[in-house]
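The listed protein sequences correspond, in order, to chains A, B, C and D.
Per the UniProt record's numbering: the first sequence = residues 1 to 384.
Per the UniProt record's numbering: the second sequence = residues 1 to 384.
Per the UniProt record's numbering: the third sequence = residues 1 to 384.
Per the UniProt record's numbering: the fourth sequence = residues 1 to 384.
Glycine included, C-beta positions come from ideal geometry on N, C-alpha and C.
Just so we're clear, the structure is a prediction, and the values are computed from it rather than from any experiment.
Everything below concerns the one structure shown next.
4 protein chains.
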Amino acid sequence: MTTNKMRVGLVGSGYMGKAHAIAYRNAMAAFAISQEQLQCEMLADATPELAEIKAQELGFNRSTGDWKQLVSDPHIDVVDICAPNFLHKEIALAAIAAGKHVYSEKPLALNADDAKEMTEAAESAGVKTLVGFNYIKNPTVQFAKQLIERGDIGDVVHFRGVFNEDYLADANLPFSWRLQKQFAGTGALNDLASHLVQLATHLVAPICSLCADLKVVHKQRPCAQAEDGVGEVENDDQAHMMVRFTNGAQGTLEASRIAWGRKNGLSFEITGTKGSLVFDQETLSELALYINEGNPQTQGFKRILVGPEHPDYRAFCVSAGHGLGFNDMKAVEIRDLFQGIVNNTPLWPDFRAATQVNIILDHVVESVDKRAWVEVEQYDGERK
Amino acid sequence: MTTNKMRVGLVGSGYMGKAHAIAYRNAMAAFAISQEQLQCEMLADATPELAEIKAQELGFNRSTGDWKQLVSDPHIDVVDICAPNFLHKEIALAAIAAGKHVYSEKPLALNADDAKEMTEAAESAGVKTLVGFNYIKNPTVQFAKQLIERGDIGDVVHFRGVFNEDYLADANLPFSWRLQKQFAGTGALNDLASHLVQLATHLVAPICSLCADLKVVHKQRPCAQAEDGVGEVENDDQAHMMVRFTNGAQGTLEASRIAWGRKNGLSFEITGTKGSLVFDQETLSELALYINEGNPQTQGFKRILVGPEHPDYRAFCVSAGHGLGFNDMKAVEIRDLFQGIVNNTPLWPDFRAATQVNIILDHVVESVDKRAWVEVEQYDGERK
Amino acid sequence: MTTNKMRVGLVGSGYMGKAHAIAYRNAMAAFAISQEQLQCEMLADATPELAEIKAQELGFNRSTGDWKQLVSDPHIDVVDICAPNFLHKEIALAAIAAGKHVYSEKPLALNADDAKEMTEAAESAGVKTLVGFNYIKNPTVQFAKQLIERGDIGDVVHFRGVFNEDYLADANLPFSWRLQKQFAGTGALNDLASHLVQLATHLVAPICSLCADLKVVHKQRPCAQAEDGVGEVENDDQAHMMVRFTNGAQGTLEASRIAWGRKNGLSFEITGTKGSLVFDQETLSELALYINEGNPQTQGFKRILVGPEHPDYRAFCVSAGHGLGFNDMKAVEIRDLFQGIVNNTPLWPDFRAATQVNIILDHVVESVDKRAWVEVEQYDGERK
Amino acid sequence: MTTNKMRVGLVGSGYMGKAHAIAYRNAMAAFAISQEQLQCEMLADATPELAEIKAQELGFNRSTGDWKQLVSDPHIDVVDICAPNFLHKEIALAAIAAGKHVYSEKPLALNADDAKEMTEAAESAGVKTLVGFNYIKNPTVQFAKQLIERGDIGDVVHFRGVFNEDYLADANLPFSWRLQKQFAGTGALNDLASHLVQLATHLVAPICSLCADLKVVHKQRPCAQAEDGVGEVENDDQAHMMVRFTNGAQGTLEASRIAWGRKNGLSFEITGTKGSLVFDQETLSELALYINEGNPQTQGFKRILVGPEHPDYRAFCVSAGHGLGFNDMKAVEIRDLFQGIVNNTPLWPDFRAATQVNIILDHVVESVDKRAWVEVEQYDGERK
């Protein structure tokens, strides 16, 4: 069943909540979606007061201090979950139970079992789901996928992905919920490597086996209140994986949250039998492409600036090389969400695909425990 | 007199018109401006039908096929001119006569005399004006200005600016109004070098003398209709200037619209007595900075990724290095426009400042005719 | 016992042999070593005729078609082995037996057992040894080591090294000895990853455990003579390692000989508790350095161009940023060799250090067989 | 008349003298020139003692404290002038009078009149001449020339060259002969822009008219001996030129010796009707090339790493991307010198070509005086 509009309820207005709010506006103007068709209907936050202020600032019609009220509101079509990770499951299950479509930030859940429960609930209820692995929405990355799919670089034989940031590089940054397993799950693995896993799967093939290494480098951090002493850091600062894909390709994936100097340091290099491509999110509007053809004297990596010849760029600008930003990727994601819902077409990556990411993250922990390679369960491969 | 809202009438919904439309939405979400405070009220385009479609797509409440109707509408506070250059003057004068504030795309006019007439009309009427020299609104460029103003690179002794694109590099692209003096004025000079002149003035000091060179490289182009033969190109493909600034610094500015491979190739390097900075719009979210201090062994250009420590970035993202896009600069410009109007504070660059750019462009033509250096009239310096 | 001169006998005048010949000349002029002190005395190659031609071309006094004659010549102080890998052992053992110092290209041997035998022979005979892991001789890399040792980036917590080239990326390149275990040992692992292992050990700490993955991607290649059909490739095109260092740091090392577009793609990024540094051999005269200090607003990776403030650069040029080349690194290696021999001081990396590399490469194969982590024998740690 | 050997007498063993000494050795090994064929015969320096030490260090057979003795020595075929600029003329004329070939560092002379006198003396005497504009010997730049000549980028329509260094950026560096007209001639113009003029001429076409700007930024500098007070700087810190070439192309050339952060900052961008190329000496082994062909979606600047497919690289290394250094360019220059002399073939750039550079530098001063464009004398065009 198709509809002609999408009314959004946003849960959480922090970092990603604001990015979503910007993206709704941006998507409407860029993709010619009217305010009638896409309505920012309600915003939930921790208290009614905060929610009201934020709704005003971010352009939502109504607000509430209780996300349960939002989830059950009859004028909401999609629940957009930007709450902390450990709340994703409860909110999503409630939204599904209320028959709402769900758009959740990543990682979908703290572990694969929770993610499966969420996936099965959504599939049973027949609601649509989308998880915010936004990096694949970047026109540059869409173009990379296009190049791979049409065979420009031949058969993919290697993927190397790195996602390094330095948001916890300072050992004196205070202890917080992010460093505790019960609230955050794993560390750099969950926050950063999850994107790499999803990108690798999206661009190359399913991952079928892996071997991993995790390390907590800064084992204690001072509590925010000096009198509380120090907190014991429970999750990884650095995460490594060697992987094999179902198509036979090899890969290496690594992430760090303590890599000084890297701010949004997601990069990948994909090697095929005919060429290679290289991407770095810190220069998100360009792709380096090497193709083995023509005069060897003039072979080299081409620096391609994304432009109107590439997917979805033209909606933002008709001139090449003018540069898109981080928030523009989210606008593409919103456009996907909108089209999927109003046209009743599939969304990607949905809960099942995101569950596959959670499964792989769980296998990482298993591999670390065993100090050996492990085989990967193919949950997304069982998609009906 | 302050007000609490800004109602916008947009004239023209092509390239820049759409960029403005995106920017209004983007600015509202990023800078917490409510829909009550900033209203996209009316859109004018060539025909009522087109205007209606575009108003729908871009989120404007009403539409009209006659910009004169928009200009005189009582529910419009600001007229936003995204019409072709040769119409700027007529629309702006009409808007000013109707007591509207005016926000115009650059270049302000086809020549300095027209620009002066517009400036004087606006100043007499007491309306506010803003001209869309958007590159100075980029947080990275704002940061460059901050570095210069607080003396981090010492006294500026040199500015080199290049603005190269390749939108007319193909000699077989058809003849058009852009290539005729009566509609477009000069060529690369007007389109591209105007930005460099404004940037140089903004970042260094007023330009007091110059010597220039202009060249039409592709002298004829085929008409769009083959039976019309060829058109004679009347304006420059390449433009060069050597300049001197009032503070004694030297500069070189050059622009080309036929520079293969450059898409938004606006770059500058500013040298001071203590250091240097380098910017390239094709990587708009980074600045290279060299400071002569500390151990010579570890001196080098620093690649600084723009982040929340820098002006206006935090409104878009709380994490450094996540990258802003071209449209985000326009959102900052809209925020400036909004604040200037609701708080009744000065806007920059206004018509007078933009007229100074037009004056310099006219001196370029004069210098080319004389094959010699010329002194520059200081119109903006007479600001009251 | 010190001496005042070094007379060289070079075995092999192919790729690396010529590089050595250039380096002897280069080192003499750059480091003020006279022709009296450093004599290119004899060159051995496959036939007397070839040897004579090459000696003439490369500036050696005498020549021979029999390396055994060279090894036993009384006017030779150092035997320089640039013969194919599988001959290293026999030549080195003969040279040692004749009381000569030995300077060998890497990898030292095809496996750890051979390398140990060579090491023990040399140590018993009291001759000096040096192995051509030239990348650590680069002034830029020497500077990186200096930065690490003096604590500029704090304690090292991570090393990532990649060494990718594309010399076998074309699947139609003919079958050769390089692809057979008995002649070449492993593939990309031996050729390329061996450098990473040595660099990581040199810059960070000994490697104490590892887990690895190897893959032959192009399993068959056409024989050079079409009638011979295809050859079965026996060694790895791609090699991965996750490692742990004795200081607790983590690392990832990977190499490929089929990575389209990479020509001398040796790069590393080293993260410490206070900063990071990044090097790429394709731009061998620059180092990127990030230090967490000062105003966060002006933090960024510094691009440092190597110059006379850095180790050994001044011998080549007194101006910074003028760029050294690949052959200049070899000249530094020759200078080290000369000084070690005439002053009777230690050489680095010697056979024992190089044997540690061979041991690690053998552990890689062991890990692949076990599909698990393995502990690394510390042979170099037993150095007396 | 051909000969079979070249015996060199080097005058001056400072910065460039040592670079030449390294280059003689390097050229012999790289290009298979024997010690019999190329003899480093005599070195002259300021005193006999210094000359003897330097001859020993740099590998010259004999030495002298009097360059006149070297110039008249019967066992010298080529006089290599690495003495300060103001001595070039006297030494060259004496060498020519003695029937020697002359290889001089650039700039050839302090002014065009001197250069013409030197050229005419050499041409009358029938000796060969070569001037050390080494940047055109770089395999990367040779490749650029090849691309232009075979039409890969179409007709050249624009050249932009910048040569910035920071060797005098510190205003407290002491006063010296370099800052006085009688010893150094002009400043950044002579030292740096002379290379740009030669490169532009070499790569594009003769320069037929120009307009220039020169500025002394730091007008006084402290004398080395504090009691001597300050010295008045007489020559330019920054130099600008706009030029027109005989083929109709436009160009801009600029140089600075006070540009913080630039160490060997010679870069150029050449635009043609079909493509563009970009070079930066600080990464001297790569060229960026953009060609307008094929799918617009995959157009971009290619980063080409110089390798054995390109001119003269293979002599140094058989693998691509291994990087040449500054000194390697000089080795190519020496190879040219050697071949020209032993084969009696033309050398490039000779005194006449270098005189054309001096003529242009003189026109720069004329243009600055006139504050206008000037026509350029075509001296090299009168070559017989």
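Open item on the list: For a test of the three-state rule: what should DSSP assign to C/N343, helix, strand or coil?
Closed with: As a first step, residue 343 of chain C must be located in the third sequence, where it is residue number 343. Three-state result, C/N343: helix.
TODO: Report the residue from B/S319, B/H218, B/G321, B/T186 whose alpha carbon sits nearest the alpha carbon of B/V364.
DONE: As a first step, residue 364 of chain B is located in the second sequence; it is residue number 364 there, counting from the start. The shortest Cα separation from B/V364 among B/S319, B/H218, B/G321, B/T186 belongs to B/T186.
Task: Below-8 Å beta-carbon distance, B/E148 vs any chain C residue - done: Translated into positions along the second sequence, residue 148 of chain B becomes position 148. The sequence given here has Ile at residue 148 of chain B, not Glu. With 8 Å as the cut-off, B/I148 does not count as an interface residue toward chain C.
TODO: Find the residues of chain B that neighbour C/P296, judging by a C-beta separation of less than 7 Å, and give them in chain order.
DONE: Your numbering for residue 296 of chain C matches position 296 in the third sequence. The answer, in chain order, is E309.
TODO: Let me know the secondary structure DSSP gives B/I270 once reduced to three states.
DONE: Here residue 270 of chain B refers to the residue found at position 270 of the second sequence. In the structure shown, B/I270 sits in a strand (DSSP, three-state: E or B).
TODO: Could you tell me whether the Cβ atoms of B/E233 and B/H218 are closer together than 8 Å?
DONE: Walking along the second sequence from the start, residue 233 of chain B turns up at place 233. Walking along the second sequence from the start, residue 218 of chain B turns up at place 218. The question names Glu, yet the displayed sequence has Val at residue 233 of chain B. In this structure, B/V233 places its C-beta atom within 8 Å of the C-beta atom of B/H218.
Task: Selection from B/A23, B/A320, B/I76, B/N111 that minimises the alpha carbon distance to B/E333 - done: As a position in the second sequence, residue 333 of chain B is number 333, starting the count at 1. Comparing Cα-Cα distances from B/E333 to each of B/A23, B/A320, B/I76, B/N111, the minimum goes to B/A23.
- [ ] Indicate whether the contact test is met: 3 or more Cβ pairs, each with one atom in the stretch 140–147 of chain C and one in the stretch 123–130 of chain C, closer than 8 Å.
- [x] no
Open item on the list: Distance check for B/A27 and B/N61, CA to CA, integer angstroms please.
Closed with: Counting from one through the second sequence, the residue named residue 61 of chain B turns up at place 61. Counting from one through the second sequence, the residue named residue 27 of chain B turns up at place 27. Cα-Cα distance, rounded: 18 Å.
- [ ] Under the assumption that C/L214 contacts C/D236 (Cβ atoms under 8 Å), give the Cβ distance between them as a whole number of angstroms.
- [x] Translated into positions along the third sequence, residue 214 of chain C becomes position 214. Translated into positions along the third sequence, residue 236 of chain C becomes position 236. Sure, about 4 Å apart at Cβ, within 8 Å.
Task: Spatial distance of C/E286 from D/L189 (CA atoms) - done: If you number the third sequence from 1, residue 286 of chain C lands on position 286. If you number the fourth sequence from 1, residue 189 of chain D lands on position 189. C/E286 and D/L189: Cα-Cα distance of roughly 28 Å.
Task: CA-to-CA distance, D/E123 to D/V342, given in whole angstroms - done: The residue labelled residue 342 of chain D in the question sits at position 342 within the fourth sequence. The residue labelled residue 123 of chain D in the question sits at position 123 within the fourth sequence. Cα-Cα distance, rounded: 18 Å.
Task: Sheet register partners of C/A44 (DSSP bridge) - done: Your numbering for residue 44 of chain C matches position 44 in the third sequence. The partner list for C/A44 (beta bridge, DSSP) reads C/V11, C/T64.
TODO: Check each candidate in A/Q37, A/A115, A/A21, A/N292 and name the one with the smallest Cα separation from A/D350.
DONE: Along the first sequence, read from residue 1 onward, the residue named residue 350 of chain A stands at position 350. Among A/Q37, A/A115, A/A21, A/N292, the Cα nearest to that of A/D350 belongs to A/A115.
Open item on the list: Quick check on the burial criterion: 16 or more other C-beta atoms within 10 angstroms. Buried or exposed for C/Q250?
Closed with: Counted from its first residue, the third sequence places residue 250 of chain C at position 250. It is buried - the Cβ of C/Q250 has at least 16 other Cβ atoms within 10 Å.
Task: Whether B/V197 touches B/F245 by CB criterion (8 Å) - done: Position 197 of the second sequence holds residue 197 of chain B. Position 245 of the second sequence holds residue 245 of chain B. Taking 8 Å as the Cβ cut-off, B/V197 and B/F245 do not qualify as a contacting pair.
Task: Span of the alpha helix (DSSP H) around C/R352 - done: Your numbering for residue 352 of chain C matches position 352 in the third sequence. Per DSSP, C/R352 belongs to the alpha helix (DSSP H) from 351–370.
Task: Under 8 Å between C-beta atoms of A/Q142 and A/P346 - done: One-based indexing of the first sequence puts residue 142 of chain A at position 142. One-based indexing of the first sequence puts residue 346 of chain A at position 346. Here A/Q142 is not near A/P346, since their CB atoms are 8 Å or more apart.
Open item on the list: Please report the distance separating the alpha-carbon of C/P296 from that of B/E309.
Closed with: Locating residue 296 of chain C in the third sequence gives position 296, counting from the first residue. Locating residue 309 of chain B in the second sequence gives position 309, counting from the first residue. Approximately 7 Å, taken between the alpha carbons.
Task: Assigned exposure category for A/S383 - 16 Cβ within 10 Å defines buried - done: As a first step, residue 383 of chain A must be located in the first sequence, where it is residue number 383. A small correction: the amino acid at residue 383 of chain A is Arg; Ser does not occupy that position in the sequence shown. The residue in question, A/R383, is exposed, as its Cβ has fewer than 16 Cβ neighbours within 10 Å.
- [ ] Jot down the residue ranges of each uninterrupted beta strand (DSSP E) in the UniProt domain "GFO/IDH/MocA-like oxidoreductase" (142–278) of chain D, minimum 3 residues, whole runs only, in chain order.
- [x] 156–164, 207–215, 220–222, 230–232, 238–245, 250–256, 265–272
- [ ] Just the chain D side, please: which residues come within less than 8 Å of C/I22 by C-beta, in chain order?
- [x] Residue 22 of chain C sits at position 22 when you count from the first residue of the third sequence. Within 8 Å Cβ-Cβ: N26, A29, A30, F316.
- [ ] Would you list, in sequence order, the uninterrupted alpha helix (DSSP H) runs of no fewer than 4 residues that lie entirely inside the stretch 74–98 of chain B?
- [x] 88–97
Task: Those residues which DSSP pairs with C/E57 across a bridge - done: Looking up residue 57 of chain C in the third sequence gives position 57. Note: C/E57 sits in no beta bridge, so no partner.
Task: Inter-residue Cα distance where the pair is B/E227 and B/F175 - done: As a position in the second sequence, residue 227 of chain B is number 227, starting the count at 1. As a position in the second sequence, residue 175 of chain B is number 175, starting the count at 1. Spanning the two alpha carbons is a distance of roughly 13 Å.
Task: DSSP-derived helix/strand/coil call for D/D280 - done: Reading the fourth sequence from its first residue, position 280 is the one you call residue 280 of chain D. D/D280 sits in a strand when the DSSP states are folded into three classes.
Open item on the list: Using only the alpha-carbon positions, how far apart do D/P222 and C/G300 sit?
Closed with: Position 222 of the fourth sequence, counting from 1, holds the residue named residue 222 of chain D. Position 300 of the third sequence, counting from 1, holds the residue named residue 300 of chain C. So the alpha carbons of these two residues sit roughly 34 Å apart.
Task: Minimum Cβ-Cβ distance from A/L250 to chain C less than 8 Å - done: Here residue 250 of chain A refers to the residue found at position 250 when the first sequence is read from its first residue. Reading off the sequence, residue 250 of chain A comes out as Gln, not Leu. Yes, contact with chain C.
TODO: Work out the CA separation of C/A212 and C/F86 for me, nearest whole Å.
DONE: For the purposes of this step, residue 86 of chain C is taken as the residue at position 86 of the third sequence. For the purposes of this step, residue 212 of chain C is taken as the residue at position 212 of the third sequence. When rounded, the distance between both Cα atoms is 24 Å.
TODO: Compare the C-beta of D/Y313 against all C-beta atoms of chain C and say whether one is closer than 8 Å.
DONE: Position 313 of the fourth sequence holds residue 313 of chain D. By this cut-off, D/Y313 is not an interface position.
Task: First and last residue of the uninterrupted beta strand (DSSP E) at residue 388 of chain B - done: Past the boundaries of the shown model lies residue 388 of chain B; chain B is included only from 1 to 384, so the question cannot be answered.
Task: D/A320: contacting residues in chain C (beta-carbon distance under 8 Å) - done: Reading the fourth sequence from its first residue, position 320 is the one you call residue 320 of chain D. Result: K263, N264.
Open item on the list: Measuring straight from C-alpha to C-alpha, what distance separates C/G65 and C/P84?
Closed with: The count along the third sequence starts at 1 and reaches residue 65 of chain C at position 65. The count along the third sequence starts at 1 and reaches residue 84 of chain C at position 84. C/G65 and C/P84 have their alpha carbons spaced roughly 15 Å apart.
Task: Rounded straight-line distance, which links the Cα of B/Q238 to that of B/L79 - done: Here residue 79 of chain B refers to the residue found at position 79 when the second sequence is read from its first residue. Here residue 238 of chain B refers to the residue found at position 238 when the second sequence is read from its first residue. Per the sequence shown, the amino acid found at residue 79 of chain B is Val instead of Leu. The C-alpha of B/V79 lies about 33 Å from the C-alpha of B/Q238.
Task: Contact list for A/G325 against chain C, beta-carbon separation under 8 Å - done: The residue given as residue 325 of chain A occupies position 325 in the first sequence. What A/G325 touches in chain C: nothing, since even the nearest Cβ is about 19 Å away.
Open item on the list: Counting only Cβ pairs nearer than 7 Å, list the residues of chain D close to C/T283.
Closed with: Locating residue 283 of chain C in the third sequence gives position 283, where the first residue counts as 1. Against C/T283, the close residues of chain D are T283, in the order they occur along the chain (beta-carbon pairs closer than 7 Å).
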